[in-house]
């Protein structure tokens, strides 16, 4: 089976992180930026790296951009360049386009001209920080869809040394326990059942509606996480 191929245009901090992460995950990645120093820096971290001006249609099409399945437009600074490159990539025949946006209006424009998804890094990081501050027992938080999230909580004191069956998390609290970690850096253990005992310092990965997660936060006693 052919590996999925990605082209990342714009190798700032965001673009560099996306490109190298995809490459380490085993995908073919082409990195493009007009800054030669950035291309030299990333050249050993991706499949291919090219220094060219992506707003130049001839230059962009000369590298067979249409061969790639997904384009990530990570251009920072110039909204005009970001919009132009998104149009060029769409014209090249790439239908799956993900763009870095610089605000809601920029995001709306990018979607109108062909972006499937727009990422607003500053907004998303702010949202993530706000939730970590709101839930003092929270280690991590990922919004799945509006009002529905995965949250990584420290185990409530009232649940320690009890089995999952005794607590009856799903029926009583309307959230799903999908895994347990022994520390933030450990792998998640998903081999859990009704007889699994929750231990002190366990991190519980819960899936559910935000209001249900908030209710758990307010109902039980947590050891606050260390910042």
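Residue numbers (this note's numbering): 1 to 227. Virtual Cβ for every residue (Gly too), placed ideally from N, Cα, C.
Exercise for review: Could you tell me whether the stretch 31 to 41 touches the stretch 106 to 114, using the rule of 3 or more Cβ pairs below 8 Å?
Suggested key: They do not touch, by the three-pair rule.
Review point. Are the beta-carbon atoms of residue 68 and residue 153 separated by less than 8 Å?
Key: Going by C-beta atoms, residue 68 is not nearer than 8 Å to residue 153.
Review point. Measuring CA to CA, which of 195, 75 and 187 is closest to residue 169?
Key: Looking from the CA of residue 169, the closest CA among 195, 75 and 187 belongs to 195.
Practice item. Indicate whether the contact test is met: 3 or more Cβ pairs, each with one atom in the stretch 70 to 83 and one in the stretch 36 to 49, closer than 8 Å. Key: no
Review point. Can you round the beta-carbon distance between residue 219 and residue 202 to whole angstroms, since I take them to be within the 8 Å contact cut?
Key: That pair is no contact at about 18 Å.
Practice item. Can you grab the Cα-Cα spacing for the pair residue 209 / residue 40, in whole Å? Key: 45 Å
**Study point:** Inter-residue spacing [alpha-carbon to alpha-carbon] between residue 84 and residue 98
**Key:** 14 Å
Review point. Thinking just about the alpha-carbon of each residue, which of 186, 221, 204 and 174 is nearest to the one in residue 211?
Key: 174
Check your understanding: Quick one, which of 19, 79, 193 and 80 has its alpha-carbon nearest residue 167's?
Key -> 193
Exercise for review: May I ask you to report which of helix, strand or coil DSSP gives residue 109?
Suggested key: Of the three classes helix, strand and coil, the one that applies to residue 109 here is helix, per DSSP.
Review point. Between the Cα of residue 204 and the Cα atoms of 214, 215 and 188, which residue gives the shortest distance?
Key: With distances taken between Cα atoms, residue 204 lies closest to 188.
**Study point:** Inter-residue Cα distance where the pair is residue 165 and residue 178
**Key:** 14 Å
Check your understanding: According to DSSP, is residue 166 helix, strand or coil?
Key -> helix
Point to revise | Where residue 227 falls: helix, strand or coil (DSSP) | key: For residue 227, the predicted model reports a pLDDT of 45, less than 50, meaning its position is unreliable and no value from the coordinates is stated.
Practice item. Go ahead and label residue 10 buried or exposed: buried means 16 or more other beta carbons lie within 10 angstroms of its beta carbon, across all protein chains shown. Key: buried
Practice item. Classify residue 158 as helix, strand or coil using the three-state DSSP reduction. Key: helix
Exercise for review: Name the one or two DSSP bridge partners that residue 11 has.
Suggested key: DSSP lists no partner for residue 11.
Check your understanding: If you draw a straight line from the C-alpha of residue 26 to the C-alpha of residue 82, how long is it?
Key -> 27 Å
Practice item. In the DSSP assignment, find the unbroken beta strand (DSSP E) run with residue 70 in it and report its ends. Key: 70 to 73
Point to revise | Through-space distance from residue 118 to residue 222, alpha-carbon basis | key: Between residue 222 and residue 118, the C-alpha separation is close to 36 Å.
Point to revise | Option nearest residue 55 by Cα separation, candidates 42, 91, 20 and 155 | key: Comparing C-alpha distances from residue 55 to each of 42, 91, 20 and 155 shows the shortest one belongs to 91.
Point to revise | Where the alpha helix (DSSP H) containing residue 214 begins and where it ends | key: 210 to 219
Exercise for review: Please name the residue, chosen from 15, 4, 215 and 86, that lies closest to residue 107 on a Cα-to-Cα basis.
Suggested key: 86
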